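Below is one structure, written out as structure tokens, with a few remarks after it.
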Amino acid sequence: MSASIRPEAQAQTRAMSPADVYAVAEVEKSSYQFPWSIGIFRDCLLAGYHSQVLEVSGVVSGYSIMSVAGTEAHLLNICVHPSCQRLGYGRQLLNSVLLRADELGVEQVFLEVRPSNDIAIALYESVGFKLVGTHLSYYQAVDGRQDAVIYAVSISSIH
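So for the sequence shown, the working numbering puts the first residue at 5; every next one is plus one.
Put into structure tokens, the structure is as follows:
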């Protein structure tokens, strides 16, 4: 009998390269009704944002984009392909982001999330993110705009 392998053991995170933007855009399109364009991902790389991809069995299946200014970071986007969700990959990717933030001397990480995204909110809260505010009419929605809730975590609280 072979040993059971946890799903995240089959995945790796690495720095995003310009060659990844098409695959990343495909993950984005499969996940969101109003996806970022390839140009936005290229601009993030050109701006020097800390961008990672998650590869599952060698296939780009998720990504993260984080901007850093001094001791604060903003997690601009984090996404796992729908076929890979609820398997631990999102947690693996988020942990990789937080580790990178710590390596960069970041003290606090902020993010926005749709209040309807219960799965993401549960993940963020499970690693220590706390609700700190709301942006009104932040996200595009079918019927106009949707608010975003703002979460933050202190890196020192997750050590």
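All residues carry an ideal CB built from backbone N, CA and C; glycine is no exception. Computed from a prediction, not measured in an experiment: that's the story for all the values here.
Residue span of the beta strand (DSSP E) that contains Val146, given as start and end: Counting from 1 along the sequence shown, the entry for residue 146 is found at position 142. Val146: not part of any beta strand (DSSP E); DSSP gives it neither H nor E.
Closest Cα partner of Ser61 within the set Cys48, Gly74, Gln16, Val136: Numbered from 1 along the sequence shown, position 57 holds the residue referred to as residue 61. Among Cys48, Gly74, Gln16, Val136, the Cα nearest to that of Ser61 belongs to Gln16.
Cross-strand partners of Ala19 (DSSP beta bridge): Taking the sequence shown and counting its residues from 1, the one referred to as residue 19 is at position 15. In the DSSP assignment, the residues bridged to Ala19 are Gln56.
Separation of Gly74 from Ser160, as counted between CA atoms: As a working note, residue 160 is residue 156 in the sequence shown. As a working note, residue 74 is residue 70 in the sequence shown. Rounded to whole angstroms, Ser160 to Gly74 spans 16 Å at the Cα level.
In DSSP terms, what Thr138 is bridged to: Reading the sequence shown from its first residue, position 134 is the one you call residue 138. Answer by DSSP bridge pairing, in chain order: Val153.
Sub-8 Å separation of Asp24 and Val57 beta-carbons: Indexing the sequence shown from 1 puts residue 24 at position 20. Indexing the sequence shown from 1 puts residue 57 at position 53. In contact: Asp24 and Val57 (Cβ atoms closer than 8 Å).
Whole-angstrom C-beta distance between Val101 and Ser68, which should lie under 8 Å: Counting from one through the sequence shown, the residue named residue 68 turns up at place 64. Counting from one through the sequence shown, the residue named residue 101 turns up at place 97. About 5 Å separates the two Cβ atoms, so the contact holds.
Those runs of the beta strand (DSSP E) which lie wholly inside the segment 68–101 and span at least 3 residues: For the segment 68–101, whole beta strand (DSSP E) runs of length 3 or above, ordered along the chain, are 76–84.
Inter-residue spacing [alpha-carbon to alpha-carbon] between Ile162 and Val136: Here residue 162 is taken as the residue at index 158 of the sequence shown, counted from 1. Here residue 136 is taken as the residue at index 132 of the sequence shown, counted from 1. The alpha-carbon atoms of Ile162 and Val136 are separated by roughly 17 Å.
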